[in-house]
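Per the working numbering, the sequence shown starts with residue 733, numbered consecutively.
Written below as structure tokens is the structure these notes are about.
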Amino acid sequence: MADVLLVSLASTAGLRAADAGLAGALERAGASVAVVAPRAPRPVRTFALTDLAWARAARAAAARGIAEHRPDAILYGAMGAALLWPRPGAIRLDAPMAANRPGRHGLWQRPVERRRLREAPLLVAVSAQTLDETPRPHPPAVVVPIAVAPSGPSASASARDVAALTYAANPHKKGLDRVLAAWARARRPGEELWVAGVEPGARSDGVRWAGRLPAGEYRTLLRRARVFVAAPRREDYGIAQLEALADGCVLVTTPAPGPYEALPIARGLDPRLVGDDLAMAIRTALDDPAPGYAARAAAALERFGPAAVDATVARELLPALLGSAGR
733 MADVLLVSLA STAGLRAADA GLAGALERAG ASVAVVAPRA PRPVRTFALT DLAWARAARA
793 AAARGIAEHR PDAILYGAMG AALLWPRPGA IRLDAPMAAN RPGRHGLWQR PVERRRLREA
853 PLLVAVSAQT LDETPRPHPP AVVVPIAVAP SGPSASASAR DVAALTYAAN PHKKGLDRVL
913 AAWARARRPG EELWVAGVEP GARSDGVRWA GRLPAGEYRT LLRRARVFVA APRREDYGIA
973 QLEALADGCV LVTTPAPGPY EALPIARGLD PRLVGDDLAM AIRTALDDPA PGYAARAAAA
1033 LERFGPAAVD ATVARELLPA LLGSAGR
């Protein structure tokens, strides 16, 4: 038997890492945790069909996990994992489908989401901004950020040999076209923008395609970069930006709708680097970085640190999970 069954959607590397981190925090709080994940379905063409395929796969994984582990409480790692659940449970949420599946993209998901929010015993939001977007009525909520920590010793700016880095696992949503256009205007001879998280694209002066990297190699690349560039069309959390700050990069970003956790931090660290003129902000970050930026970023990220998240999980989340299960 398990205290908690965590049903991980596991559809992206970010979700897999976030769920593994949450499971570890629950275990450190004293819970026995079983994690199940669906087998990846075959690719389909639309968001609606993709969500349906993953929801069906998650339902099968949850049913197997319930039968095998007989958990006291169930925690679905994402709304996509809960849409077709076999049994109600708590739902971890970074952004509701009411916000990130507009129009035909969320034709069936949005009404199902509203039912799940009425039926779930607990909502585990990754940020307070997530709750601002979440349809009501919804169950009682606990805010548990995704833990972020430095991946290793941070090099000084003078020791960093990569001028700029961007992460584009979903090129349209991450605004890769906007980043490349701004870089073409901002770069100087000898400077390179490294693009990670996506298959290599067209060759261009000053652009190096890093491809899809294992997590450790990607974080090593972050520690080599002076500037991290982001131009999302919508940001549901911004884990890549938070990791960049944790590893000592200066963050340049455009504003974006959604519960973009890194956005207010970036504005507080250096408002010159947040705006629609991405090329100018890149140049400012490279030529005139604000004094003490890395140290102030580290202080701003303390609430996302593993120790702070562990404390929230032990003090708030685990009692709420087991309480909602009748223990």
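Glycine included, C-beta positions come from ideal geometry on N, C-alpha and C.
Pick out the complete alpha helix (DSSP H) segments inside the stretch 788-820, 4 residues or longer, and give them in chain order. 811-814
Inspect the beta-carbon positions of Glu993 and Leu1005 and report whether they are closer than 8 Å. no
Are the CB atoms of Ala1116 and Tyr808 nearer to each other than 8 Å? The structure shown does not extend to residue 1116, since the chain spans only 733 to 1059, so no value can be given for it.
Grouping DSSP H, G and I as helix and E and B as strand, with all else coil, what is Thr898? In this structure, Thr898 counts as strand in the three-state DSSP scheme.
Taking the alpha carbon of Gly907 as the reference point, which residue from Thr986, Leu784, Ala814, Ala916 has its own alpha carbon closest? Thr986
DSSP state of Ile1068, grouped into three classes? Any question about residue 1068 goes unanswered here, given that the chain covers just 733 to 1059.
Pull up the distance between the alpha-carbon of Ala957 and that of Asp1019, whole angstroms please. 14 Å
So, is Leu781 buried or exposed, given that buried needs 16 or more other C-beta atoms within 10 angstroms? exposed
Hey, Gly990 and Ala873: beta-carbon distance below 8 Å or not? Cβ atoms of Gly990 and Ala873: not closer than 8 Å.
If you reduce the DSSP assignment to three classes, tell me which class Ala1031 lands in. helix
Residues of its chain near Ala972, where Cβ-Cβ distance is below 6 Å and the 5 sequence neighbours each way are ignored: Tyr899
Collapsed DSSP secondary structure at Val876 in the structure displayed: coil
Taking the alpha helix (DSSP H) that Trp915 belongs to, which residues open and close that run? 908-918
Straight-line CA distance for Asp893 to Arg955? When only Cα atoms are considered, Asp893 and Arg955 end up about 10 Å apart.
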